[in-house]
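Engineer:
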Amino acid sequence: MMDGAATLTIRPAGEADLAPFFAYLDDHLRDNGADGTPLFQPIAPGQPRLPAGLRIAFIKGIDIPIGQPGWRRLWLAIDAYGDIAGHLDLRGRPEPAATHRAMLGMGVHRVWRRRGLGRRLLETAAAWARAETDIEWIDLEVLSENGPAIELYARAGFTTVARVADMLRIAGDSHDLSYMTFRLRQR
Numbered sequence: 003m004m005d006g007a008a009t010l011t012i013r014p015a016g017e018a019d020l021a022p023f024f025a026y027l028d029d030h031l032r033d034n035g036a037d038g039t040p041l042f043q044p045i046a047p048g049q050p051r052l053p054a055g056l057r058i059a060f061i062k063g064i065d066i067p068i069g070q071p072g073w074r075r076l077w078l079a080i081d082a083y084g085d086i087a088g089h090l091d092l093r094g095r096p097e098p099a100a101t102h103r104a105m106l107g108m109g110v111h112r113v114w115r116r117r118g119l120g121r122r123l124l125e126t127a128a129a130w131a132r133a134e135t136d137i138e139w140i141d142l143e144v145l146s147e148n149g150p151a152i153e154l155y156a157r158a159g160f161t162t163v164a165r166v167a168d169m170l171r172i173a174g175d176s177h178d179l180s181y182m183t184f185r186l187r188q189r
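So the number in my numbering is just where the residue sits in the sequence shown, counting from 1, plus 2.
Next comes the structure, spelled out in structure tokens:
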């Protein structure tokens, strides 16, 4: 059986993609903690929009050269109708001494989950980072209750390096946060 994700195109996003990307994210957030879906963003379920600070980070970050504070690169998975099926972003860590590492964020639209798209997005980012950068590590933070995401990352080679109990309080509830990392290359 074909995984379905094979029919998608994954491509780098540019400035013209940001408005449809933000609309996709706002729709995507409707699933955050709803109807049995685990929280995948550290914001209260039902929050209707991506916080303004994150929007600004995407807008500014895509034009910043890699290695400079605030850089960010975004890939979109586009279906046959031109709709966004998923996304992945890599961004520089905020610490000046950590330019050899990048942070990862990603999401898959509800109709494309469990069809191989997450794996393809992770492979795309790793291949780009190996070919285009000196990045040695990709790090991510994930809410510890998000079992499907943690399983995906583990299958892709990410290792859990820490789990911080009660790291976040979202809508009055305590949530643990897991830190995972993937080594792209040896120094």
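Glycine included, each C-beta is placed from N, C-alpha and C at the ideal position.
1. Can you find a heavy atom of the ligand FAD that lies under 7 Å from the Cβ of Q49?
2. Go through its chain and collect everything with a Cβ distance to M108's Cβ below 6 Å, but skip five positions before and after it.
3. Using the rule of at least 16 other Cβ atoms within 10 Å of the residue's Cβ for burial, across every protein chain shown, is G174 buried or exposed?
4. DSSP puts R171 in a beta bridge; with which residues?
5. Note down, in chain order, each residue of its chain lying with its Cβ closer than 7 Å to the Cβ of K62, except the 5 sequence neighbours on either side.
6. Are the Cβ atoms of W139 and R74 separated by less than 8 Å?
7. Report yes if the CB atom of L27 is closer than 8 Å to the CB atom of G35, and no otherwise.
8. Whole alpha helix (DSSP H) runs in the segment 101-184 with 4 or more residues, listed along the chain?
9. Kindly indicate the opening and closing residues of the alpha helix (DSSP H) around G55.
10. Can you tell me where the beta strand (DSSP E) holding P40 begins and where it ends?
11. With DSSP collapsed to three states, give me the class of A79.
12. Under the rule that 16 or more other beta-carbon atoms within 10 Å means buried, what is R51, buried or exposed?
Structural biologist: Taking the geometry as given:
1. In terms of ligand content, the structure shown is empty, and the ligand FAD therefore cannot be addressed.
2. In the sequence shown, the residue the question calls residue 108 occupies position 106. So the list reads L90, L123, once near-sequence residues are dropped.
3. Position 172 of the sequence shown, counted from the start, is the residue given in the question as residue 174. With fewer than 16 other Cβ atoms within 10 Å, it is exposed.
4. Position 169 of the sequence shown holds residue 171. According to DSSP, R171 bridges with S176.
5. Residue 62 sits at position 60 when you count from the first residue of the sequence shown. Taken in chain order, the residues that qualify are G72.
6. If you number the sequence shown from 1, residue 139 lands on position 137. If you number the sequence shown from 1, residue 74 lands on position 72. With respect to R74, W139 sits apart: the two C-beta atoms are not nearer than 8 Å.
7. Locating residue 27 in the sequence shown gives position 25, where the first residue counts as 1. Locating residue 35 in the sequence shown gives position 33, where the first residue counts as 1. Not a contact, by the Cβ cut-off of 8 Å.
8. 119-134, 149-157
9. Sequence index remark: in the sequence shown, residue 55 carries index 53 (1-based). Its alpha helix (DSSP H) spans residues 54-63.
10. As a working mapping, residue 40 is identified with position 38 in the sequence shown. Here P40 belongs to no beta strand (DSSP E), and DSSP marks it neither H nor E.
11. Sequence index remark: in the sequence shown, residue 79 carries index 77 (1-based). Looking at A79 - three-state DSSP - the assignment turns out to be strand.
12. Walking along the sequence shown from the start, residue 51 turns up at place 49. Burial call: exposed.
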